[in-house]
Amino acid sequence: MTLDVHKVVATRPYPPRVSTFTKPFWSALNEGRFTTTQCRECHRQTFPPKLVCPHCWSDKYEWVDMPVEGELYSWTRIHAAPAVFQPLAPYVVGIVDLDGRTRLACPLVVPDGVQVSVGSKVRMVVMAFDDGPLFAARVLGA
131 MTLDVHKVVA TRPYPPRVST FTKPFWSALN EGRFTTTQCR ECHRQTFPPK
181 LVCPHCWSDK YEWVDMPVEG ELYSWTRIHA APAVFQPLAP YVVGIVDLDG
231 RTRLACPLVV PDGVQVSVGS KVRMVVMAFD DGPLFAARVL GA
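This is how it looks when you write it as structure tokens:
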């Protein structure tokens, strides 16, 4: 499933370090896909992607698409941000459960008129910055 793109006219305040290992993740995100690693031995997914499975310690993995819809587990609005993120303040971040398999922290995109609350439905999106992508979750309206 291809992710919606949320255009951000700015550079990423804290660009990720792209390594040989993480390049497939960032390339897929740039194409609108949200991926991670899945262990070929125990078949469990981990996020963020990992070279070694934290469940069975196997180093055999494959890249798989992740669920893109889920539910908001927790959230907060940041007003007093670290210096590098200060230009974005206030901004909203949350912890998202994706189909009960993966829990991750990410920025939240909150459309005008949409209320944020624990249990809100969310859908992962690509935040397309001028210098590359990041992922976020868009809070869906009722």
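At position 112 of the sequence shown the residue is numbered 242 (this note's numbering), and the sequence of numbers has no breaks. The beta-carbon is built from N, C-alpha and C at its ideal position, and this holds for glycine as well.
field: Inter-residue spacing [alpha-carbon to alpha-carbon] between Leu-234 and Ile-225
entry: 5 Å
field: Cβ neighbours of Val-198 in the same chain (closer than 8 Å, five flanking residues each side left out)
entry: Met-131, Leu-133, Phe-164, Leu-228, Arg-253, Met-254
- prompt: Quick one: what's Asp-227 bridged to in DSSP?
  reply: Glu-201, Arg-233
task: Please list, in chain order, all residues of the same chain as His-209 whose beta carbon is under 7 Å from its beta carbon, the five residues on each side excluded.
output: Its chain contains Ala-219, Pro-220 as the residues whose beta carbon lies nearer than 7 Å to that of His-209, once the 5 sequence neighbours on both sides are disregarded; these appear in chain order.
field: Residues sharing a beta bridge with Cys-169, DSSP
entry: Tyr-191
Close beta carbons around Met-257, own chain, < 6 Å, minus the five adjacent residues each side: For Met-257, where only same-chain residues beyond five positions count, the Cβ hits under 6 Å are His-136, Val-138, Leu-264, Ala-266.
- prompt: Under 7 Å between the Cβ atoms of Val-222 and Leu-202?
  reply: no
Selected residue, minimal CA-CA separation from Val-194, among Ser-204, Phe-177, Gly-200: Looking at the Cα atoms, Phe-177 is the closest of the given residues.
- prompt: Which of the three DSSP states, helix, strand or coil, is assigned to Lys-180?
  reply: coil
message: Taking the straight line between their C-alpha atoms, what separation do you get for Pro-143 and Cys-236?
response: 14 Å
- request: Apply the 10 Å Cβ neighbour rule to Leu-110 and answer buried if 16 or more other Cβ atoms are within range, or exposed otherwise.
  value: Summary: the structure shown does not reach residue 110, with the chain confined to residues 131 through 272, and so no result is reported for it.
- prompt: Measuring CA to CA, which of Trp-205, Phe-155, Cys-172 is closest to Pro-179?
  reply: Phe-155
Other residues of its chain near Ala-211: CB distance less than 6 Å, five sequence neighbours each side excluded: Ala-219
message: Taking the alpha helix (DSSP H) that Leu-159 belongs to, which residues open and close that run?
response: 153 to 160
- prompt: Do Lys-153 and Arg-170 have their C-beta atoms within less than 7 Å of each other?
  reply: The answer is no: Cβ separation not under 7 Å.
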